[in-house]
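Q: Can you read through this structure? Questions will come right after.
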Amino acid sequence: MDASLRGRLDALEHASSPLDPDPDRRDRLRAAVHASSEQFLRSIESGRAFVEDDDGGDALHRWPITEDGIPLETVLNAWEEGVVRPGGHPASGAHLAYITGGGLYHSALADYLAAVSNKYTGVAFTGPGPVRLENMLIRWVADLVGYPKDAGGYIASGGSIANLTAIVAARDAYELSGAEYGSAVVYLTDQAHHCIEKALRIAGLGEAVVRRVGLDERYRMRPDDLARAIAADRARGLRPWLIAATAGTTDTGAVDPLDEIAEIARREECWFHVDAAYGGFFLLTEEGRRILAGIERSDSVVLDPHKSLFMPWGSGIVVVRDVRNLITSHAGTGDYLQDTLDGLDEISPADVSPELTKHFRAARMWFPLVLLGTRPFRAALEEKLLLARYFHREVQRLGFDVSPEPDLSTVTFRWAPTGMDPEESDEVNRVINDAVRSDGRVFLSSTVLDGRYTLRVAPLSFRTHRRTLDLTLDILDEKRREVSPGL
Ligand SMILES: *Cc1c(COP(=O)(O)O)cnc(C)c1O
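Numbering (this note's numbering), first residue to last: 417 to 903.
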């Protein structure tokens with residue numbers, strides 16, 4: 417090696433050295449990041465659940481990526497101002513909009529450990545520990561659901577991808593050929609999450625017939641209507657294929673009657689999928705087990721740890737009753753992976769999912785569960801079920817109309833006093849919702865039910881407690897009086 421090459425390598429090593437900070441620098445970095453996260457966590461209860469921001473994070477443009485970087489304090493300032501401050505705060509217990517529950521601190525620390533060690537999670541040969549960990553967690557979820565020992569699955573990035581994976585498995589399990597796509601029928605309700613139809617399109621099944629099964633007065637799938645629709649489709653020469661039930665709809669938290677649907681699916685030889693992205697982990701509670709009874713008879717199921725297991729965003733689980741169905745659709749290999757295939761007793765996530773290299777999501781799920789045990793999770797979930805019932809009762813006392821008692825943790829309600837016409841009431845509820853969001857102390861969301869603008873509250877965070885809902889009731893009463901005084 418000539419001197420100039422050596423000189424150049426030394427110079428490059430030196431120039432790239434900021435990528436590998438020494439212990440002192442690591443201490444400083446960690447202390448500053450830790451201080452920022454502490455400031456956030458210590459103000460989370462008194463802070464806003466929604467910040468209506470004039471620039472919506474636009475301030476971030478003030479800190480472009482440069483050749484030489486910018487000081488640590490400035491970077492953390494950019495983070496706090498541009499990223500954390502504006503918009504919704506899903507880590508807050510007062511974030512009662514949509515379906516939000518996550519941000520466990522233990523999971524954040526596990527993410528840190530996972531990223532520092534950067535263990536490979538895609539295949540068991542190089543990452544035996546992470547793969548075993550993920551499979552243990554999948555087994556834990558399969559047991560929770562009540563699946564047999566042949567069940568398998570993986571931790572995806574969220575419910576949408578998890579549902580997609582299940583639908584692809586269902587497609588291949590029924591050996592549907594392209595020519596049959598147009599006559600394959602999928603059964604779901606208007607309350608099913610839109611990601612199911614999106615998944616059908618992505619899976620190439622955009623031409624499949626989507627049959628909207630009727631709802632009962634609690635927005636649950638009607639088994640009699642399902643059975644009728646299947647019979648009518650058979651008579652037309654179509655091929656009933658997939659029933660996609662929901663265990664906890666996003667709008668109202670309704671749980672379809674899983675046991676009755678399972679019976680129909682078995683009789684009609686349809687694939688029975690349950691989207692329990694929201695409601696799944698309520699299986700940890702006695703009440704949840706009662707409401708979700710029949711889920712164990714499904715062929716595939718989706719549960720989002722970033723909802724009812726309080727993980728940070730980016731974790732959704734799919735489990736399929738017979739893991740071979742996932743392997744059929746997803747196993748693949750390349751010459752460069754030849755060393756990875758021999759003598760393993762663990763199924764690699766890469767063989768049961770569209771992913772190869774992925775985020776080590778098992779760490780953030782395993783760490784809090786193994787450390788704390790299931791008891792605090794069970795308690796927090798039971799608390800959420802009771803909080804929803806509490807809110808359902810109290811919001812009626814304020815004069816709001818409510819939907820029937822919630823199945824899970826979502827309550828829908830609207831201000832519609834006698835004599836107010838429905839159009840006006842839609843407008844009043846919209847104004848109330850906007851006023852609550854501008855106030856920002858709590859964050860609610862809305863939906864449309866039976867054609868009417870409806871407010872909803874969905875306590876799901878481990879940080880949501882009775883005082884949060886009492887505050888919500890006070891704010892609702894205050895805003896309601898502002899827009900509809902004298903009633
Ligand atoms: C949230 C949700 C989804 C979508 O899951 P993501 O994790 O947001 O991708 C699907 N189905 C139901 C019932 C949900 O609540």
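Idealized CB from N, CA, C, for every residue including glycine.
Flag D823 as yes when its Cβ comes closer than 7 Å to any non-hydrogen atom of ligand 1, and as no otherwise.
A: Here residue 823 refers to the residue found at position 407 of the sequence shown. D823 Cβ: outside cutoff for every heavy atom of ligand 1.
Q: Ordered along the chain, which non-local residues of its own chain (more than five positions away) have a Cβ less than 8 Å from that of R628?
A: On the sequence shown, residue 628 is found 212 positions in, with the first residue counted as 1. Around R628: L604, T605, D606.
Q: Cα separation between L674 and G463?
A: In the sequence shown, residue 674 corresponds to position 258, counting from 1. In the sequence shown, residue 463 corresponds to position 47, counting from 1. Near 40 Å, if we compare the C-alpha coordinates of G463 and L674.
Q: Among V561, S724, R555, H609, which one has its Cα closest to the Cα of L580?
A: Locating residue 580 in the sequence shown gives position 164, where the first residue counts as 1. Of the candidates V561, S724, R555, H609, the residue whose Cα lies closest to the Cα of L580 is H609.
Q: What does the alpha-carbon distance come out to for the pair Y521 and S452?
A: Along the sequence shown, one-based indexing puts residue 521 at 105. Along the sequence shown, one-based indexing puts residue 452 at 36. Computed Cα separation, rounded: 14 Å.
Q: Which whole-angstrom value describes the C-beta separation of R896 and A465, a residue pair presumed to lie in contact below a C-beta threshold of 8 Å?
A: Translated into positions along the sequence shown, residue 896 becomes position 480. Translated into positions along the sequence shown, residue 465 becomes position 49. Not quite, the Cβ-Cβ distance comes to about 19 Å (not below 8 Å), so this is no contact.
Q: Reducing DSSP to helix, strand and coil, say where V629 ends up.
A: Indexing the sequence shown from 1 puts residue 629 at position 213. Looking at V629 - three-state DSSP - the assignment turns out to be coil, as it is neither helix nor strand.
Q: State buried or exposed for E550, treating a residue as buried only when at least 16 other CB atoms are found within 10 Å of its CB.
A: Mapped onto the sequence shown, residue 550 falls at position 134. Buried: at least 16 other Cβ atoms inside 10 Å.
Q: Going by DSSP, what residues sit across from D426 in a beta bridge?
A: Along the sequence shown, one-based indexing puts residue 426 at 10. Per DSSP, none; premise fails for D426.
Q: For the alpha helix (DSSP H) containing S523, name the first residue and the last one.
A: Position 107 of the sequence shown, counted from the first residue, corresponds to residue 523. It spans 521-533 - the alpha helix (DSSP H) in which S523 sits, taken as one unbroken run.
Q: Which residue's Cα is closest to the Cα of T542: R501, G704, P765?
A: Within the sequence shown, numbered from 1, the residue matching residue 542 stands at position 126. Of the listed residues, the one whose Cα sits closest to T542 is P765.
Q: Buried or exposed: where does T870 fall if 16 or more other Cβ atoms within 10 Å of its Cβ makes it buried?
A: Here residue 870 refers to the residue found at position 454 of the sequence shown. Buried, because 16 or more other Cβ atoms sit within 10 Å of the Cβ of T870.
Q: Quick check on A910: buried or exposed, where buried means 16 or more other Cβ atoms within 10 Å of its Cβ?
A: The chain is shown only over 417 to 903; residue 910 falls outside these bounds and no answer can be derived.
Q: Which of the three DSSP states, helix, strand or coil, is assigned to Y869?
A: For this step, residue 869 is matched to residue 453 along the sequence shown. Residue state, collapsed to three classes: strand.
Q: Is S825 near A874, with beta carbons less than 8 Å apart?
A: The residue you call residue 825 lines up with position 409 of the sequence shown. The residue you call residue 874 lines up with position 458 of the sequence shown. It is a contact, given that the beta carbons lie within the stated cut-off.
Q: Please report the residue range of the beta strand (DSSP E) in which W657 lies.
A: Within the sequence shown, the letter at position 241 stands for residue 657. 655-662 is the extent of the beta strand (DSSP E) around W657.
Q: Here's a check: name, in chain order, each residue in its chain whose Cβ is nearer than 8 Å to the Cβ of K535, leaving out the five neighbours to either side.
A: The sequence position of residue 535 within the sequence shown is 119, counting from 1. Cβ neighbours of K535 beyond the five flanking positions: G543, G545, P546, F776.
Q: Is any heavy atom in ligand 1 found nearer than 7 Å to the beta carbon of K800?
A: To locate residue 800, count along the sequence shown from 1; it is residue 384. False, no ligand heavy atom lies under 7 Å from that Cβ.
Q: For R830, which residues does DSSP report across the bridge?
A: Against the sequence shown, residue 830 aligns to sequence position 414. The partner list for R830 (beta bridge, DSSP) reads D817.
Q: Only counting runs of 3 or more residues, tell me where the beta strand (DSSP E) segments fall wholly within the stretch 663-721, in order along the chain.
A: 687-692, 716-719
Q: In the DSSP assignment, what residue or residues form a beta bridge with V602?
A: Against the sequence shown, residue 602 aligns to sequence position 186. According to DSSP, V602 bridges with V626, L658.
Q: Is E468 near S862, with beta carbons less than 8 Å apart?
A: For the purposes of this step, residue 468 is taken as residue 52 along the sequence shown, with counting starting at 1. For the purposes of this step, residue 862 is taken as residue 446 along the sequence shown, with counting starting at 1. No, the pair does not count as a contact, with Cβ atoms beyond the cut-off.
Q: Taking 7 Å as the cut-off, is the C-beta of D720 nearer than that to any heavy atom in ligand 1?
A: The residue labelled residue 720 in the question sits at position 304 within the sequence shown. The answer is yes for D720.
Q: I think V827 touches R872, with their Cβ atoms under 8 Å apart; what is that distance to the nearest whole Å?
A: Locating residue 827 in the sequence shown gives position 411, where the first residue counts as 1. Locating residue 872 in the sequence shown gives position 456, where the first residue counts as 1. Correct: roughly 7 Å between the Cβ atoms.
Q: From which residue to which residue does the beta strand (DSSP E) around G568 run?
A: Against the sequence shown, residue 568 aligns to sequence position 152. Note, G568: beta strand (DSSP E), 568-572.
Q: Please give the ranges of any beta strand (DSSP E) in the stretch 780-810, keeping only runs that are unbroken, at least 3 residues long and fully inside the region.
A: Given a length threshold of 3 residues, the stretch 780-810 has no whole run of the beta strand (DSSP E) inside it.
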